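A.B. asks:
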Amino acid sequence: MQTYHGSCHCGAVTFEVDADLSKLGDCNCSICTKKGSVHHRVPGDRFRLLTGADALKAYQFNKKVASHFFCQNCGIHTYSHPRTAPDKFNVNVRCLDDFDLREAAYKMATFDGRNWEAAFEAMQQNRR
């Protein structure tokens, strides 16, 4: 596990995350597709918001379980609390300043967010 540092584009929002980035996630739901984020989920004790709490805006839609956080200054999505685990942090790996997605070695898992209920049920079945 390593500590990574992240930020939005304008630098108002900064954070740290303790993570093993060998497994990342890609979701094809309506919002993830449009924002183009690559996910890595961590428990709350491994995520630290350093600056910019006042610059963040939360966006919710549909069932209003997930919360997607964007910098209200530059519009960059830094992290979310996903519907699949609203108590966790889904960090947008593309916002990590000291991680290069193009050069790193990782496995990409996919989640069929367009068919959320069926995909979530399949994910739960695979964990049993």
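Heads up, the sequence shown is in this note's numbering, so the first residue is 4 and it goes up one at a time. Note that beta-carbon positions come from the ideal geometry of N, C-alpha and C, so glycine has one too. Bear in mind the structure is a predicted one, so any value in this text is a computation, not a measurement.
Quick check on the burial criterion: 16 or more other C-beta atoms within 10 angstroms. Buried or exposed for residue 64?
C.D. replies: Exposed, because fewer than 16 other Cβ atoms sit within 10 Å of the Cβ of residue 64.
A.B. asks: Classify residue 42 as buried or exposed, calling it buried when 16 or more other Cβ atoms lie within 10 Å of its own Cβ.
C.D. replies: With 16 or more Cβ atoms within 10 Å of its Cβ, residue 42 is classed as buried.
A.B. asks: What are the start and end residues of the alpha helix (DSSP H) that includes residue 6?
C.D. replies: That residue, residue 6, is in no alpha helix (DSSP H); its beta strand (DSSP E) goes 5-10.
A.B. asks: So, does the segment 104-122 touch the segment 19-26, judging by three or more C-beta pairs under 8 Å?
C.D. replies: The answer is yes - the segment 19-26 touches the segment 104-122, with three or more Cβ pairs under 8 Å.
A.B. asks: So which of 21, 87, 76 and 104 has the shortest CA-CA distance to residue 118?
C.D. replies: Nearest option by C-alpha distance: 87.
A.B. asks: Less than 9 Å between the beta carbons of residue 92 and residue 16, yes or no?
C.D. replies: No; because the gap between Cβ atoms is not below 9 Å, this pair is not in contact.
A.B. asks: Quick check on the DSSP output: the alpha helix (DSSP H) that includes residue 37 runs from which residue to which?
C.D. replies: Run containing residue 37: 33-38, per the alpha helix (DSSP H) assignment.
A.B. asks: In terms of residue numbering, what span does the beta strand (DSSP E) encompassing residue 23 cover?
C.D. replies: Careful: residue 23 lies outside any beta strand (DSSP E) and carries neither H nor E.
A.B. asks: Whose C-beta lies closer than 8 Å to the C-beta of residue 121 among residues of the same chain, with five residues either side of it excluded?
C.D. replies: For residue 121, where only same-chain residues beyond five positions count, the Cβ hits under 8 Å are 115.
A.B. asks: Locate the beta strand (DSSP E) running through residue 74, then write down its first and last residues.
C.D. replies: It spans 70-74 - the beta strand (DSSP E) in which residue 74 sits, taken as one unbroken run.
A.B. asks: Over what stretch of residues does the beta strand (DSSP E) that includes residue 51 continue unbroken?
C.D. replies: From DSSP, the beta strand (DSSP E) with residue 51 extends over 50-54.
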